[in-house]
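First the structure, in the form of structure tokens, and then the observations on it.
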Amino acid sequence: MQQAKWHTKLNLSYNLYTDPQADTAELVGLLKSPGRKMQRGVVVVGKDGKVVGGGAYGPAPSLEAALKFVGSA
14 MQQAKWHTKL NLSYNLYTDP QADTAELVGL LKSPGRKMQR GVVVVGKDGK
64 VVGGGAYGPA PSLEAALKFV GSA
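In structure tokens form, the structure reads like this:
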């Protein structure tokens with residue numbers, strides 16, 4: 014719900030996805046050990062389905078990181 018509000022507020026031209034089972038987070042190295050706690054992060058996937066970039070980011074830098082990677086996609 015909060016993610017949808019953020020998407021609308023910023024009028025983003027790209028989709029946002031969540032990862033409730035942590036499958037993607039595991040593939041891109043965003044899981045902390047032990048206990049598989051997920052780190053906040055950004056993963057940008059290009060139109061061709063390939064990962065363009067991303068990483069672990071705190072709340073404030075995550076928007077800047079997302080915009081940087083989207084601009085390069």
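The opening residue of the sequence shown carries number 14 in this note's numbering; numbering runs sequentially from there. Just so you know, even glycine gets a beta-carbon here, dropped at the ideal spot from N, CA and C. None of the values given here were measured: they were computed from a predicted structure.
Fill in: Cβ neighbour criterion (16 or more within 10 Å) applied to Val64
In the sequence shown, residue 64 corresponds to position 51, counting from 1. It counts as exposed.
Fill in: Cα-Cα separation, Leu25 to Ser46
As a first step, residue 25 is located in the sequence shown; it is residue number 12 there, counting from the start. As a first step, residue 46 is located in the sequence shown; it is residue number 33 there, counting from the start. Spanning the two alpha carbons is a distance of roughly 33 Å.
Worksheet item: Which residue from Val57, Gly68 and Pro72 puts its Cα closest to that of Tyr30?
Response: Against the sequence shown, residue 30 aligns to sequence position 17. Comparing Cα positions, the closest option is Val57.
Worksheet item: Taking the Cβ atom as the reference point for each residue, do Met51 and Leu43 lie within a distance shorter than 8 Å?
Response: Position 38 of the sequence shown, counted from the first residue, corresponds to residue 51. Position 30 of the sequence shown, counted from the first residue, corresponds to residue 43. Yes.
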